[in-house]
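K.L.:
Attaching a single structure in structure tokens format; questions to follow.
2 protein chains.
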Amino acid sequence: MNKLYQYSVISALMEGVAGKGLPLSSLLARGDHGIGTFRTMLGELIVVDGKAYQMLFGRDSARGLGQGRHRALRHDHPVPAQERHKIHPRQQGELGAMIASLFLTGRNSFVAFRIDGAFRSVQVRTVSGQSHPKEGLGELAARQPVHSLTHTRGTVVGFRSPAFLQGVSVAGLHMHFIDEKRERGGHVLSLETEGDVTIRAADVSRSVLDLPRDDTEYNDATIKVDLAAIEAAEGLLHV
Amino acid sequence: MNKLYQYSVISALMEGVAGKGLPLSSLLARGDHGIGTFRTMLGELIVVDGKAYQMLFGRDSARGLGQGRHRALRHDHPVPAQERHKIHPRQQGELGAMIASLFLTGRNSFVAFRIDGAFRSVQVRTVSGQSHPKEGLGELAARQPVHSLTHTRGTVVGFRSPAFLQGVSVAGLHMHFIDEKRERGGHVLSLETEGDVTIRAADVSRSVLDLPRDDTEYNDATIKVDLAAIEAAEGLLHV
Chain A
7 MNKLYQYSVI SALMEGVAGK GLPLSSLLAR GDHGIGTFRT MLGELIVVDG KAYQMLFGRD
67 SARGLGQGRH RALRHDHPVP AQERHKIHPR QQGELGAMIA SLFLTGRNSF VAFRIDGAFR
127 SVQVRTVSGQ SHPKEGLGEL AARQPVHSLT HTRGTVVGFR SPAFLQGVSV AGLHMHFIDE
187 KRERGGHVLS LETEGDVTIR AADVSRSVLD LPRDDTEYND ATIKVDLAAI EAAEGLLHV
Chain B
7 MNKLYQYSVI SALMEGVAGK GLPLSSLLAR GDHGIGTFRT MLGELIVVDG KAYQMLFGRD
67 SARGLGQGRH RALRHDHPVP AQERHKIHPR QQGELGAMIA SLFLTGRNSF VAFRIDGAFR
127 SVQVRTVSGQ SHPKEGLGEL AARQPVHSLT HTRGTVVGFR SPAFLQGVSV AGLHMHFIDE
187 KRERGGHVLS LETEGDVTIR AADVSRSVLD LPRDDTEYND ATIKVDLAAI EAAEGLLHV
């Protein structure tokens, strides 16, 4: 059975709960593809083929990370994908519809996917770290740099989550991108493919959620679900 | 690590998605205490000491269920509880505060608990089954019988879930009661203890959520989170 692993919840990041995390080695033991962020929200995490990268503009390149050197804060992982399809979506909306059409299970299960190929444009942001403890993801997202990568080849790792899980996960599409050289990328705000891309994807009906333990900042926080704030911070990628 | 298992989500019940479920044998293999309902929401489920009971007024008594004969729709289970405390809460609110005070982890983790003892009054409801397919839990709850059990001994199995999980689970306290003879009980709307009761409880930070598979009714449903409707249907037991 395909299984997804998640540490903490997006609503905790919205409240700025980001001081601790899971050792990267623990995370990588859970799966070989995923997305997330780091302690103090210092950059975007993507895991491709079992390797983790920290993406952060200002720094010129993404960094390949050794196991155990960093603490990833949040991470979803699919098991190895079941399906492979050649398709050519051009717009975000088309991509969502195509991902939905590839599966029989409708909108109430998770879909884990990976897209490889050429992209006409990928608009990404990278969170650049809290300026003070408890700064929320909403504030970080508002001042984050947004970059447009054009005519680039690379890999998207993403998830589609059911609408009723907004606040736990990010509802709809949530994708991170890294280019072929594994140098640049981030949280995808929009993308347009260039010619055919390959999508591998899998339905996922089992999810394992670990809530932080022995984490005073987490335990003391008032964590609520603010739908509008999450959409503003993460981009509105419902499909 | 304490682990909680859940099949489907409360928001699916709100939409009336209740035609299928998990075999009871699969559920009991996951743990020995829990709560839930049955296919078509025909009664309240409580699992105590590894034994499942279907509680339904109109029928005079709860039924002990053999494994595999029924399909339970939803179920949370704690691992064997870690702690045991003698306390004497009188009111719902006191109980919530006491459960919260027994643990260090605050309001953002699950607490699984069991209460044994004498109760001055326990107000319970039992859902009596959908009158037609897709009838939502809100409608069932509105016409359900509510009974007050007075001066009774018995067992409560319950969970406290984080507020940000409303819609996935029931936020706050969610408890089912069954009397000592295992004859009467239901979903707890309020309770008042009589003298000392014993509470055994455990913090739970890992949860496993199985979303229905191969279930057309589930896949086709538009499942949204309606906070007010859940509170109206399940009772407002926030702590």
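Which chain is which? The protein sequence lines are A and B, in order.
Counted the way the working numbering counts, the first sequence spans residues 7 to 245.
Counted the way the working numbering counts, the second sequence spans residues 7 to 245.
We put the CB at the ideal spot given by N, CA and C, even for glycine.
#1: Can you list the residues of chain A that Val194 of chain B reaches, using a CB-CB cut of under 9 angstroms?
#2: Is Ala103 of chain A helix, strand or coil by DSSP?
#3: Could you give the distance in angstroms between the alpha-carbon of Glu200 of chain B and the alpha-carbon of Ala124 of chain B?
#4: What is the DSSP secondary structure of Met61 of chain A, counted as helix, strand or coil?
#5: For a contact defined as C-beta to C-beta under 7 angstroms, what are the partners of Asn225 of chain A on chain B?
#6: Please report the residue range of the beta strand (DSSP E) in which Ile229 of chain A lies.
#7: Taking Val163 of chain B as the reference, give the member of B:Leu233, B:Ile105, B:Asp216 and B:Leu30 with the closest Cα.
#8: With DSSP as the reference, label Gly27 of chain A as helix, strand or coil.
#9: Here's a check: name, in chain order, each residue in its chain whose Cβ is nearer than 8 angstroms to the Cβ of Leu217 of chain B, leaving out the five neighbours to either side.
#10: For the alpha helix (DSSP H) that contains Ser17 of chain A, what are its first and last residues?
#11: Given a limit of 9 angstroms on CB to CB distance, which residues of the segment 144 to 172 of chain A reach chain B?
#12: By alpha-carbon positions, which one of A:Val54, A:Gln136 and A:Glu100 ends up nearest to Met20 of chain A?
#13: Buried or exposed for Thr222 of chain A, going by 16 or more other Cβ atoms inside 10 Å?
#14: Could you spell out where the alpha helix (DSSP H) holding Gly144 of chain B opens and where it closes?
#15: Would you check if there are 3 or more beta carbon pairs closer than 8 angstroms linking the segment 142 to 150 of chain A to the segment 180 to 190 of chain A?
#16: Compare the beta carbon distance of His180 of chain B and Phe170 of chain B with 8 angstroms and say whether it is the shorter of the two.
#17: Please return the same chain residues whose Cβ sits closer than 8 angstroms to the Cβ of Leu197 of chain A, not counting the five positions on each side in sequence.
#18: What are the boundary residues of the beta strand (DSSP E) that Glu198 of chain A is part of?
#19: Return the chain-ordered list of same chain residues with a C-beta closer than 6 angstroms to the C-beta of Leu215 of chain A, the five sequence neighbours on each side being excluded.
#20: Within a Cβ cutoff of 7 angstroms, which residues of the same chain sit near Asp232 of chain B, ignoring the five residues on either side of it in sequence?
#21: Count the other CB atoms within 10 Å of the CB of Val152 of chain A; is the residue buried (16 or more) or exposed (fewer)?
#22: With a cut-off of 8 angstroms on the beta carbons, I'd call Arg212 of chain A and Lys9 of chain A a contact; round off their distance for me.
#23: According to DSSP, simplified to helix, strand and coil, what is Thr46 of chain B?
#24: Please report the distance separating the alpha-carbon of Gly40 of chain A from that of Leu155 of chain B.
#25: For Leu48 of chain B, which residues of its own chain have a beta-carbon under 6 angstroms away from its beta-carbon, when the five flanking residues on both sides are left out?
#26: Exposed or buried, what is Thr204 of chain A when buried is set at 16 or more other beta-carbons lying within 10 Å of its beta-carbon?
#27: Can you look up Leu158 of chain B in the DSSP assignment and give me helix, strand or coil?
#28: Going along chain B, which residues have a C-beta under 9 angstroms from Leu197 of chain A?
#29: With respect to the beta strand (DSSP E) encompassing Leu179 of chain B, which residues constitute its N-terminal and C-terminal limits?
#30: Of all the options B:Ser167, B:Gln172, B:Asp202 and B:His193, which has the alpha carbon lying nearest to the alpha carbon of Asp209 of chain B?
#31: In this structure, what does DSSP give as the bridge partners for His153 of chain A?
#32: Do you know offhand how far Gln172 of chain B's Cα is from Val194 of chain B's?
#33: Roughly how many angstroms lie between the CA atoms of Val23 of chain A and Ile236 of chain A, to the nearest whole one?
#34: How about Ile229 of chain A: is its C-beta nearer than 8 angstroms to some C-beta of chain D?
#35: Report the rounded CA-to-CA distance for Thr132 of chain A versus Met61 of chain A, giving the unit in angstroms.
#36: Give the secondary structure of Leu215 of chain B by DSSP, where H, G and I count as helix, E and B as strand, and everything else as coil.
P.N.:
Checking against the coordinates, here is how it stands:
#1: Looking up residue 194 of chain B in the second sequence gives position 188. None at all; the shortest Cβ gap to chain A is about 24 angstroms.
#2: In the first sequence, counting from the first residue as 1, residue 103 of chain A sits at position 97. Here Ala103 of chain A sits in helix by DSSP.
#3: On the second sequence, residue 200 of chain B is found 194 positions in, with the first residue counted as 1. On the second sequence, residue 124 of chain B is found 118 positions in, with the first residue counted as 1. Between Glu200 of chain B and Ala124 of chain B, the C-alpha separation is close to 5 angstroms.
#4: As a working mapping, residue 61 of chain A is identified with position 55 in the first sequence. DSSP places Met61 of chain A in strand when its eight states are reduced to three.
#5: Taking the first residue of the first sequence as position 1, residue 225 of chain A is located at position 219. Residues of chain B passing the Cβ test: Thr111, Gly112 and Asn114.
#6: As a working note, residue 229 of chain A is residue 223 in the first sequence. Premise fails: Ile229 of chain A is in no beta strand (DSSP E) and is neither H nor E.
#7: Position 157 of the second sequence, counted from the start, is the residue given in the question as residue 163 of chain B. Of B:Leu233, B:Ile105, B:Asp216 and B:Leu30, the residue nearest in Cα terms is B:Ile105.
#8: Here residue 27 of chain A refers to the residue found at position 21 when the first sequence is read from its first residue. It is coil, neither helix nor strand.
#9: The sequence position of residue 217 of chain B within the second sequence is 211, counting from 1. Cβ neighbours of Leu217 of chain B beyond the five flanking positions: Ser14, Val15 and Tyr224.
#10: Position 11 of the first sequence, counted from the start, is the residue given in the question as residue 17 of chain A. Start and end: Ile16 to Met20.
#11: Pro168, Ala169, Phe170, Leu171 and Gln172
#12: Sequence index remark: in the first sequence, residue 20 of chain A carries index 14 (1-based). Closest option to Met20 of chain A, Cα to Cα, is A:Gln136.
#13: Residue mapping note: residue 222 of chain A aligns to position 216 of the first sequence, counting from 1. Answer is exposed; the Cβ neighbour count stays below 16.
#14: Walking along the second sequence from the start, residue 144 of chain B turns up at place 138. Residues Leu143 to Ala148.
#15: no
#16: Here residue 180 of chain B refers to the residue found at position 174 of the second sequence. Here residue 170 of chain B refers to the residue found at position 164 of the second sequence. Taking 8 angstroms as the Cβ cut-off, His180 of chain B and Phe170 of chain B do not qualify as a contacting pair.
#17: Taking the first sequence and counting its residues from 1, one reaches residue 197 of chain A at position 191. Taken in chain order, the residues that qualify are Gln98, Leu101, Phe125, Ser127, Val128, Gln129, Val162, Met181 and Phe183.
#18: As a first step, residue 198 of chain A is located in the first sequence; it is residue number 192 there, counting from the start. Glu198 of chain A -> beta strand (DSSP E) spans Gly191 to Val210.
#19: Here residue 215 of chain A corresponds to residue number 209 of the first sequence, with the count starting at 1. Within the same chain, Leu215 of chain A has close Cβ partners Gln12.
#20: Position 226 of the second sequence, counting from 1, holds the residue named residue 232 of chain B. Excluding residues within five positions, the ones whose Cβ falls inside 7 angstroms are Met20.
#21: Reading the first sequence from its first residue, position 146 is the one you call residue 152 of chain A. It is exposed - the Cβ of Val152 of chain A has fewer than 16 other Cβ atoms within 10 Å.
#22: Residue numbering aside, residue 212 of chain A sits at position 206 when the first sequence is read from its first letter. Residue numbering aside, residue 9 of chain A sits at position 3 when the first sequence is read from its first letter. 5 angstroms between Cβ atoms; contact.
#23: To locate residue 46 of chain B, count along the second sequence from 1; it is residue 40. Correct three-state label for Thr46 of chain B: helix.
#24: Against the first sequence, residue 40 of chain A aligns to sequence position 34. Against the second sequence, residue 155 of chain B aligns to sequence position 149. Cα to Cα, Gly40 of chain A sits roughly 51 angstroms from Leu155 of chain B.
#25: Locating residue 48 of chain B in the second sequence gives position 42, counting from the first residue. Within the same chain, Leu48 of chain B has close Cβ partners Gly135.
#26: Stepping through the first sequence from its first residue, residue 204 of chain A is reached at position 198. By the neighbour-count rule (16 or more Cβ atoms within 10 Å), Thr204 of chain A is not buried but exposed.
#27: As a working mapping, residue 158 of chain B is identified with position 152 in the second sequence. This sequence places Thr at residue 158 of chain B; Leu is not what is there. Thr158 of chain B: strand per DSSP, three-state reduction.
#28: As a position in the first sequence, residue 197 of chain A is number 191, starting the count at 1. Simply none; closest approach about 27 angstroms.
#29: Against the second sequence, residue 179 of chain B aligns to sequence position 173. Taken as a continuous stretch (DSSP letters only), the beta strand (DSSP E) holding Leu179 of chain B covers Gly178 to Asp185.
#30: For the purposes of this step, residue 209 of chain B is taken as residue 203 along the second sequence, with counting starting at 1. Taking only the C-alpha atoms, the option nearest Asp209 of chain B is B:Ser167.
#31: Locating residue 153 of chain A in the first sequence gives position 147, where the first residue counts as 1. Note: His153 of chain A sits in a beta bridge opposite A:Val130.
#32: Your numbering for residue 172 of chain B matches position 166 in the second sequence. Your numbering for residue 194 of chain B matches position 188 in the second sequence. Looking at the two C-alpha atoms, the distance is approximately 18 angstroms.
#33: The residue given as residue 23 of chain A occupies position 17 in the first sequence. The residue given as residue 236 of chain A occupies position 230 in the first sequence. Straight-line Cα distance between these residues: approximately 14 angstroms.
#34: Given the protein chain composition of this structure (A and B), no chain D is represented.
#35: Locating residue 132 of chain A in the first sequence gives position 126, where the first residue counts as 1. Locating residue 61 of chain A in the first sequence gives position 55, where the first residue counts as 1. Answer to the nearest angstrom: the Cα atoms are 7 angstroms apart.
#36: On the second sequence, position 209 is the one that residue 215 of chain B refers to. In this structure, Leu215 of chain B counts as strand in the three-state DSSP scheme.
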